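S.K.: Quick one: this structure, given as structure tokens, is what I'll be asking you about.
There are 2 protein chains.
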Amino acid sequence: MRNKEETLRQIMQAAYETFAEKGFHQTSLTSIAQQVGISKPAIYYYFKSKDELIKSLFEEVSQEIHTITSVYPADISRENIKQCFYAIGENAIKRQVKEPHFNQLFNQYILLSSQDTYYAEHLATIQQNYFDTFYSFFQHAVDRGVIKDENALIKSQLLALVFDNITNFILTNVTLDYEAIWREAVDSVLSGIVIHE
Amino acid sequence: MRNKEETLRQIMQAAYETFAEKGFHQTSLTSIAQQVGISKPAIYYYFKSKDELIKSLFEEVSQEIHTITSVYPADISRENIKQCFYAIGENAIKRQVKEPHFNQLFNQYILLSSQDTYYAEHLATIQQNYFDTFYSFFQHAVDRGVIKDENALIKSQLLALVFDNITNFILTNVTLDYEAIWREAVDSVLSGIVIHE
DNA sequence: GTCTATATGCGGATAGAC
DNA sequence: GTCTATCCGCATATAGAC
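Sequence lines, in order, name chains A and B. Taking full-length UniProt numbering, I'd label the letters of the first sequence as residues 1 to 197. Taking full-length UniProt numbering, I'd label the letters of the second sequence as residues 1 to 197.
This is the structure in structure tokens:
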């Protein structure tokens with residue numbers, strides 16, 4: 001006899017990987033069941049439908065997003081602010097290279113969002129939260145007298161857009177020097193607003 | 001009796017719109033046939049399979065991309081270079097708002113590319129070409145003595161990434177001042193390299 | 001409570017009539 | 001060039017074994 005929670009986790013895990021690699025449609029419940037070692041209808045004991053499984057996975061992935069985007073260093077100074085920003089990008093690039101599945105899956109939900117209001121609404125929240133994180137990072141620096149409060153909102157949004165698209169392009173066959181692009185973005189955006197005493 | 005070319009165009013047109021709105025999987029050949037006013041198997045006279053139809057549409061969309069990305073003004077001067085860049089973004093934003101189907105469809109092909117090498121290879125070429133366009137724009141300005149040849153490759157790629165992601169985010173429910181972000185990107189990237197005599 | 005066996009219906013695909 | 005008939009596979013649903 002199997003353990004209920006264990007089986008559930010295995011289904012989620014198999015779904016996560018196969019959906020990311022092959023896409024929702026190209027992944028049959030049969031193949032997920034096979035990976036887990038159960039029969040296809042057994043999945044229906046855990047999920048009302050394939051769409052429910054996809055939705056559950058989305059909720060899990062949404063949680064993870066928060067932990068990813070909500071990390072920012074405690075101490076920002078004139079000396080280390082660029083390094084802080086550099087590090088944010090470098091970490092994301094490394095994670096993306098190491099774990100492409102996450103974003104591959106996430107991109108599928110973004111596509112779903114143009115066809116399904118449920119995903120559209122939830123993703124809008126996530127993305128808004130993502131922009132907010134960058135903005136609060138800027139405000140944090142402003143509060144500490146590290147940078148001037150000049151166009152901070154737009155600048156933070158600009159960096160967020162660059163950051164996001166770098167992680168997207170890593171998934172493609174286009175090889176660019178993404179770290180250099182990120183550093184250039186940070187340099188360009190901060191040039192002129194970092195206070196040099 | 002129907003006209004062959006006319007029917008083909010109608011199938012492509014219906015596919016274009018429905019695929020963009022509902023996605024490849026959620027669009028059945030039956031619904032396309034209904035829109036055109038023919039029966040489902042009739043589509044198989046024009047396309048070997050649904051995948052073939054999707055691929056044909058891709059080739060058509062690929063053509064259009066070239067015409068979109070390969071426009072750049074003939075005369076760049078110190079006085080108008082920022083305006084030129086601003087205009088590129090403004091045009092793209094306007095087009096995107098007016099015609100969201102194009103990018104919605106295109107994004108689906110990007111997703112396919114992580115599952116299918118055919119699309120991966122062709123998209124890599126398109127995206128490479130897209131970066132090249134931005135770079136040659138920079139080189140053009142360098143050649144005319146408008147900007148310094150400082151980090152031009154990375155800067156051009158940075159602008160290309162911003163440009164691309166702005167058009168993506170317009171499709172979402174996230175409303176930002178995209179024109180302002182684009183102008184900020186242009187200002188940030190060009191600040192320091194525009195030659196002031 | 002956990003799963004298997006089995007049934008239904010839809011969408012993609014093919015053969016062949018007109 | 002288009003249609004009818006038909007096949008096959010998969011998502012889905014339910015009945016019931018243990």
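Virtual Cβ for every residue (Gly too), placed ideally from N, Cα, C. Keep in mind that this is a model prediction, so the values were computed, not measured.
Rounded to the nearest angstrom, how far is the Cβ of I43 of chain A from that of I76 of chain A, given a contact under 8 Å?
M.R.: What you label residue 43 of chain A is simply residue 43 of the first sequence in a count that begins at 1. What you label residue 76 of chain A is simply residue 76 of the first sequence in a count that begins at 1. Going by Cβ atoms, the distance from I43 of chain A to I76 of chain A rounds to 48 Å, so no, they are not a contact pair.
S.K.: Could one say the Cβ of S49 of chain B lies closer than 9 Å to chain A's Cβ atoms, at least one of them?
M.R.: Taking the first residue of the second sequence as position 1, residue 49 of chain B is located at position 49. By this cut-off, S49 of chain B is not an interface position.
S.K.: On the DSSP bridge list, what partners appear for I195 of chain B?
M.R.: Here residue 195 of chain B refers to the residue found at position 195 of the second sequence. I195 of chain B pairs with nothing; no bridge assigned.
S.K.: By the three-class DSSP mapping on this structure, what secondary structure does I147 of chain B have?
M.R.: Looking up residue 147 of chain B in the second sequence gives position 147. Strand at I147 of chain B.
S.K.: For A180 of chain B, would you say it is in contact with chain A, using Cβ-to-Cβ distances shorter than 9 Å as the test?
M.R.: Taking the second sequence and counting its residues from 1, the one referred to as residue 180 of chain B is at position 180. Taking Cβ atoms only, chain A reaches closer than 9 Å to A180 of chain B, which makes this a yes.
S.K.: Check whether the Cβ of A124 of chain A lies closer than 9 Å to any Cβ atom in chain B.
M.R.: For the purposes of this step, residue 124 of chain A is taken as residue 124 along the first sequence, with counting starting at 1. Yes, A124 of chain A lies at the interface with chain B (some Cβ there is under 9 Å from its Cβ).
S.K.: Taking the alpha-carbon positions, what's the F131 of chain A to E6 of chain B distance?
M.R.: Counted from its first residue, the first sequence places residue 131 of chain A at position 131. Counted from its first residue, the second sequence places residue 6 of chain B at position 6. Whole-angstrom Cα-Cα distance: 47 Å.
S.K.: Could you round the C-beta distance between L123 of chain A and Y109 of chain A to whole angstroms and report it? I think they count as a contact, below 8 Å.
M.R.: Position 123 of the first sequence, counting from 1, holds the residue named residue 123 of chain A. Position 109 of the first sequence, counting from 1, holds the residue named residue 109 of chain A. Confirmed, about 7 Å.
S.K.: Taking C-alpha atoms, which residue in B:K4, B:T18, B:Q139 lies nearest to L153 of chain B?
M.R.: The residue given as residue 153 of chain B occupies position 153 in the second sequence. Checking every option, the nearest Cα to that of L153 of chain B belongs to B:Q139.
S.K.: Quick one: any contact between the region 181-191 of chain B and the region 76-94 of chain B, if contact means 3 or more CB pairs under 8 Å?
M.R.: Taking 8 Å as the limit for Cβ pairs, the verdict is that the region 76-94 of chain B does touch the region 181-191 of chain B.
S.K.: Does the region 162-173 of chain A come close enough to the region 102-122 of chain B that 3 or more CB-CB pairs lie under 8 Å?
M.R.: The answer is yes - the region 162-173 of chain A touches the region 102-122 of chain B, with three or more Cβ pairs under 8 Å.
S.K.: Rounded to whole angstroms, what's the CA-CA distance from S156 of chain A to L190 of chain B? Just pull it up for me.
M.R.: Sequence index remark: in the first sequence, residue 156 of chain A carries index 156 (1-based). Sequence index remark: in the second sequence, residue 190 of chain B carries index 190 (1-based). Looking at the two C-alpha atoms, the distance is approximately 18 Å.
S.K.: With distances taken from CA atoms, which of A:N80, A:A14, A:F106, A:R95 is nearest F58 of chain A?
M.R.: For the purposes of this step, residue 58 of chain A is taken as residue 58 along the first sequence, with counting starting at 1. Comparing Cα positions, the closest option is A:F106.
S.K.: Quick one: grab the DSSP three-state call for Q115 of chain B.
M.R.: In the second sequence, the residue the question calls residue 115 of chain B occupies position 115. In the structure shown, Q115 of chain B sits in coil (DSSP, three-state: anything other than H, G, I, E or B).
S.K.: Pick from B:V162, B:D177, B:I166, B:I147: whose alpha carbon is nearest that of E79 of chain B?
M.R.: Counting from one through the second sequence, the residue named residue 79 of chain B turns up at place 79. That would be B:I147, whose Cα lies nearest to the Cα of E79 of chain B.
S.K.: Considering only their Cβ atoms, is the gap separating I54 of chain B from A15 of chain B smaller than 9 Å?
M.R.: Reading the second sequence from its first residue, position 15 is the one you call residue 15 of chain B. Reading the second sequence from its first residue, position 54 is the one you call residue 54 of chain B. Contact: yes.
S.K.: Measure the C-alpha to C-alpha separation of V162 of chain B and E99 of chain B and round it to an integer number of angstroms.
M.R.: Translated into the one-based positions of the second sequence, residue 162 of chain B becomes position 162. Translated into the one-based positions of the second sequence, residue 99 of chain B becomes position 99. Rounded to whole angstroms, V162 of chain B to E99 of chain B spans 19 Å at the Cα level.
S.K.: Let me make sure I understand the geometry here. Which of B:V61, B:Y46, B:E21, B:I195 has the alpha-carbon closest to that of D143 of chain B?
M.R.: Residue mapping note: residue 143 of chain B aligns to position 143 of the second sequence, counting from 1. Residue B:I195 is the option with its Cα nearest to D143 of chain B.
S.K.: Within 10 angstroms of the Cβ of D164 of chain A, are there 16 or more other Cβ atoms? Answer buried if so, exposed if not.
M.R.: Position 164 of the first sequence, counted from the start, is the residue given in the question as residue 164 of chain A. D164 of chain A comes out buried.
S.K.: Under a Cβ-count criterion, where at least 16 other Cβ atoms within 10 Å of its own Cβ denotes burial, should V97 of chain B be classed as buried or exposed?
M.R.: Here residue 97 of chain B corresponds to residue number 97 of the second sequence, with the count starting at 1. Looking at its Cβ environment, which holds fewer than 16 other Cβ atoms inside 10 Å, V97 of chain B is exposed.
S.K.: Going along the chain, which unbroken runs of the beta strand (DSSP E) with 3 or more residues stay wholly within the UniProt DNA-binding region "H-T-H motif" (28-47) of chain B?
M.R.: Listed in chain order, there is nothing to give.
S.K.: Under 9 Å Cβ-Cβ, which residues of chain A neighbour V162 of chain B?
M.R.: Taking the first residue of the second sequence as 1, we reach residue 162 of chain B at position 162. Chain A residues near V162 of chain B: L158, L161, V162, N165, A185.
S.K.: What does S172 of chain B reach in chain A if we use C-beta pairs closer than 9 Å?
M.R.: One-based indexing of the second sequence puts residue 172 of chain B at position 172. For the record, residue 172 of chain B in the displayed sequence is Thr; it is not Ser. The answer, in chain order, is I110, S113, S114, A120, L123, A124, Q127.
S.K.: Near S113 of chain A, which residues of its chain fall below 7 Å by C-beta distance, leaving aside the five closest residues on each side in sequence?
M.R.: The residue you call residue 113 of chain A lines up with position 113 of the first sequence. So the qualifying residues of the chain are Y119, A120, L123.
S.K.: Sort A:C84, A:K4, A:A20, A:N129 by Cα distance to L111 of chain B and report the nearest one.
M.R.: Numbered from its first residue, the second sequence carries residue 111 of chain B at position 111. Taking only the C-alpha atoms, the option nearest L111 of chain B is A:A20.
S.K.: Along chain B, which residues have their Cβ under 7 Å away from the Cβ of S39 of chain A?
M.R.: As a first step, residue 39 of chain A is located in the first sequence; it is residue number 39 there, counting from the start. Correct list: empty, because the minimum Cβ distance to chain B is about 24 Å.
S.K.: Please return the same chain residues whose Cβ sits closer than 8 Å to the Cβ of Q127 of chain B, not counting the five positions on each side in sequence.
M.R.: Indexing the second sequence from 1 puts residue 127 of chain B at position 127. Excluding positions up to five away in sequence, the list is empty.
S.K.: Within a Cβ cutoff of 7 Å, which residues of the same chain sit near A141 of chain A, ignoring the five residues on either side of it in sequence?
M.R.: Along the first sequence, one-based indexing puts residue 141 of chain A at 141. Same-chain partners within the cutoff: I76, I81, I147.
S.K.: Decide if Y178 of chain A is buried, meaning its Cβ has at least 16 other Cβ atoms within 10 Å, or exposed.
M.R.: As a working note, residue 178 of chain A is residue 178 in the first sequence. Result: buried.
S.K.: Name the chain A residues that come within less than 8 Å of G192 of chain B, Cβ to Cβ?
M.R.: As a working note, residue 192 of chain B is residue 192 in the second sequence. By Cβ distance, chain A contributes S191.
S.K.: Per DSSP, what kind of secondary structure is T175 of chain A in: helix, strand or coil?
M.R.: Counted from its first residue, the first sequence places residue 175 of chain A at position 175. T175 of chain A: coil per DSSP, three-state reduction.
S.K.: Could you confirm whether any beta carbon from chain A is found closer than 9 Å to the beta carbon of D149 of chain B?
M.R.: Taking the first residue of the second sequence as position 1, residue 149 of chain B is located at position 149. No, D149 of chain B does not count as interfacial toward chain A.
S.K.: Please state the DSSP three-state secondary structure of A185 of chain A.
M.R.: Working through the first sequence from its first residue, we reach residue 185 of chain A at position 185. Residue state, collapsed to three classes: helix.
S.K.: Just confirm the distance between the C-beta atoms of F47 of chain A and S56 of chain A, as a whole number of angstroms; I'd bet it's less than 8 Å.
M.R.: On the first sequence, position 47 is the one that residue 47 of chain A refers to. On the first sequence, position 56 is the one that residue 56 of chain A refers to. F47 of chain A to S56 of chain A, Cβ: 7 Å. Contact.
S.K.: Just reading off the alpha helix (DSSP H) that Q26 of chain A is part of, what are its end residues?
M.R.: Along the first sequence, one-based indexing puts residue 26 of chain A at 26. No alpha helix (DSSP H) contains Q26 of chain A, which DSSP labels as neither H nor E.
S.K.: By the three-class DSSP mapping on this structure, what secondary structure does E60 of chain A have?
M.R.: Taking the first sequence and counting its residues from 1, one reaches residue 60 of chain A at position 60. Correct three-state label for E60 of chain A: helix.
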